[in-house]
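Structure record follows, encoded as structure tokens.
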Amino acid sequence: MTACPSTAGALTAGPLTAGPLTAGPLTAGPLPAAPLTAGPVTSGPLPAVVVAAVVLCGLAGPVYLWASAALRLRGDAWPRHRDAVFAAGVALVVWGLCGELPGGPFAAHAARHLLVAMAGPVLLVAARPLTLALRVLPPGAVRRGLVRVAHSAPVGWLLFPPVAAVVDIGGLWLLYRTGLLSAVHHRPVLGALLDLHMLAAGLLFSFAVCLVDPVRRRWGLPLRAATLLLAGAAHAVLAKSLYATGPPGTAFAASDLRLGAQIMYYGGDAVEAALACVLAVQWYTVTGRRRARAAARSGGGHPRQASGQGGGELLRPGQLGP
Numbered sequence: 375m376t377a378c379p380s381t382a383g384a385l386t387a388g389p390l391t392a393g394p395l396t397a398g399p400l401t402a403g404p405l406p407a408a409p410l411t412a413g414p415v416t417s418g419p420l421p422a423v424v425v426a427a428v429v430l431c432g433l434a435g436p437v438y439l440w441a442s443a444a445l446r447l448r449g450d451a452w453p454r455h456r457d458a459v460f461a462a463g464v465a466l467v468v469w470g471l472c473g474e475l476p477g478g479p480f481a482a483h484a485a486r487h488l489l490v491a492m493a494g495p496v497l498l499v500a501a502r503p504l505t506l507a508l509r510v511l512p513p514g515a516v517r518r519g520l521v522r523v524a525h526s527a528p529v530g531w532l533l534f535p536p537v538a539a540v541v542d543i544g545g546l547w548l549l550y551r552t553g554l555l556s557a558v559h560h561r562p563v564l565g566a567l568l569d570l571h572m573l574a575a576g577l578l579f580s581f582a583v584c585l586v587d588p589v590r591r592r593w594g595l596p597l598r599a600a601t602l603l604l605a606g607a608a609h610a611v612l613a614k615s616l617y618a619t620g621p622p623g624t625a626f627a628a629s630d631l632r633l634g635a636q637i638m639y640y641g642g643d644a645v646e647a648a649l650a651c652v653l654a655v656q657w658y659t660v661t662g663r664r665r666a667r668a669a670a671r672s673g674g675g676h677p678r679q680a681s682g683q684g685g686g687e688l689l690r691p692g693q694l695g696p
């Protein structure tokens with residue numbers, strides 16, 4: 375039996391060619407978004423809002439140094455170690471916002487979170503920029519306006535430690551346990567706003583826990599210590615959950631995900647320990663002051679003589695030493 379000539383010719387003659395595609399769509403419905411697997415979490419050039427934030431941070435350092443030098447020139451005391459602390463905080467924030475960070479995409483993102491939202495804000499707040507501004511500004515409209523804002527009711531409630539903790543740690547849970555991180559990868563402006571939110575929330579939480587600057591209301595040490603403890607526990611639980619399961623909509627490599635979770639866990643512990651040290655110094659100062667007053671009342675002497683202290687100023691409750 376022989377094949378039909380026309381059929382054989384069609385099967386063997388000449389290369390196969392395809393005409394224009396005129397059939398329906400290859401897939402039904404919209405194409406699913408690819409999971410985030412490689413490259414930085416936010417890619418492309420820096421958005422304008424991040425550039426503006428970097429410029430402002432870069433200017434804040436020289437302004438702080440100028441203000442502290444102006445205080446010393448007129449004979450007022452301002453510890454020099456605060457200059458170094460503020461400069462270190464500015465450097466960490468600028469590095470986190472625009473610098474190159476080692477590691478995979480998620481590990482680099484975790485390091486950025488540690489610098490911008492935790493370590494940098496703690497150093498900036500510990501340098502007492504509000505106190506410095508109030509001391510260097512002359513009496514006038516600007517100084518009165520700054521005092522009015524610092525003593526306003528909205529600022530007082532934002533600095534209520536549980537509220538500040540919810541804004542800071544709650545935002546992290548929304549970022550890593552929802553699809554927000556995956557969405558940020560495809561929207562650079564959203565990623566820039568997220569970085570600024572992390573910075574603002576970190577400053578708010580550090581300010582609310584430390585309370586080293588004059589504000590409307592000074593919340594007690596027990597409340598601030600309890601808030602720090604609970605916030606640290608929530609941050610640790612989040613880091614442990616990321617070690618096991620990545621954020622929704624992402625597909626990071628297991629090694630990158632675990633390294634990033636470890637950076638968040640151990641780096642967060644270190645920053646929270648620094649905040650605890652600030653609270654411990656405040657507790658020591660307040661306790662020593664109370665004991666000195668009790669000894670003075672019982673012995674009839676001056677509080678400083680009863681406590682064995684000499685020189686310097688008597689600190690107000692909740693303040694750190696110079």
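The sequence shown begins at 375 in our numbering and counts up one residue at a time.
Even glycine gets a Cβ: it sits at the ideal position worked out from N, Cα and C.
Only a predicted model underlies this, so the values are computations on that prediction, with no experimental measurement involved.
Buried or exposed for residue i, going by 16 or more other Cβ atoms inside 10 Å?
| i | result |
| --- | --- |
| Arg671 | exposed |
| Cys431 | buried |
| Gly478 | buried |
| Gly642 | buried |
| Val423 | exposed |
| Val611 | exposed |
| Gly463 | buried |
| Leu327 | Nothing about residue 327 can be reported from this structure: the residues present for the chain run from 375 to 696 only. |
| Asp450 | exposed |
| Leu433 | exposed |
| His487 | buried |
| Pro528 | exposed |
| Tyr658 | exposed |
| Val563 | exposed |
| Val516 | exposed |
| Ala644 | exposed |
Let me check you understand the geometry: is the CB of residue i closer than 7 angstroms to at least one non-hydrogen atom of the ligand COA?
| i | result |
| --- | --- |
| Ala538 | This structure simply doesn't include the ligand COA, nor any ligand for that matter. |
Taking the Cβ atom as the reference point for each residue, do residue i and residue j lie within a distance shorter than 8 angstroms?
| i | j | result |
| --- | --- | --- |
| Val586 | His525 | no |
| Pro503 | Leu597 | no |
| Ala635 | Ala613 | yes |
| Trp440 | Arg446 | no |
| Gly545 | Ala575 | yes |
| Leu511 | Phe460 | no |
| Leu555 | Pro621 | yes |
| Ala566 | Pro421 | yes |
| Leu633 | Ala481 | yes |
| Val521 | Leu532 | no |
| Pro623 | Gly553 | Position check: residue 623 holds Gly in this sequence, whereas Pro was assumed. Yes. Within cutoff. |
Whole angstroms are fine: how far does the CA of residue j sit from the CA of residue i?
| i | j | result |
| --- | --- | --- |
| Val429 | Leu471 | 11 angstroms |
| Leu523 | Ala500 | Note that residue 523 corresponds to Val in the displayed sequence, not to Leu. Going by the C-alpha atoms only, they are around 20 angstroms apart. |
| Pro513 | Asp457 | 24 angstroms |
| Ala669 | Leu489 | 45 angstroms |
| Arg667 | Val660 | 11 angstroms |
| Leu649 | Tyr640 | 14 angstroms |
| Ser615 | Ala444 | 49 angstroms |
| Val583 | Leu631 | 30 angstroms |
| Ala538 | Ser580 | 9 angstroms |
| Leu506 | Ser442 | 7 angstroms |
| Ala427 | His559 | 20 angstroms |
| Gln656 | Pro436 | 29 angstroms |
| Gly519 | Thr619 | 48 angstroms |
| Met638 | Arg448 | 44 angstroms |
| Ala599 | Ala465 | 28 angstroms |
### Task
Counting only runs of 4+ residues fully inside the stretch 443-517, write out the alpha helix (DSSP H) ranges in chain order.
454-472, 479-488, 494-500 and 503-510
### Query
Quick one: complete alpha helix (DSSP H) runs, 4+ long, within the stretch 580-650?
595-618
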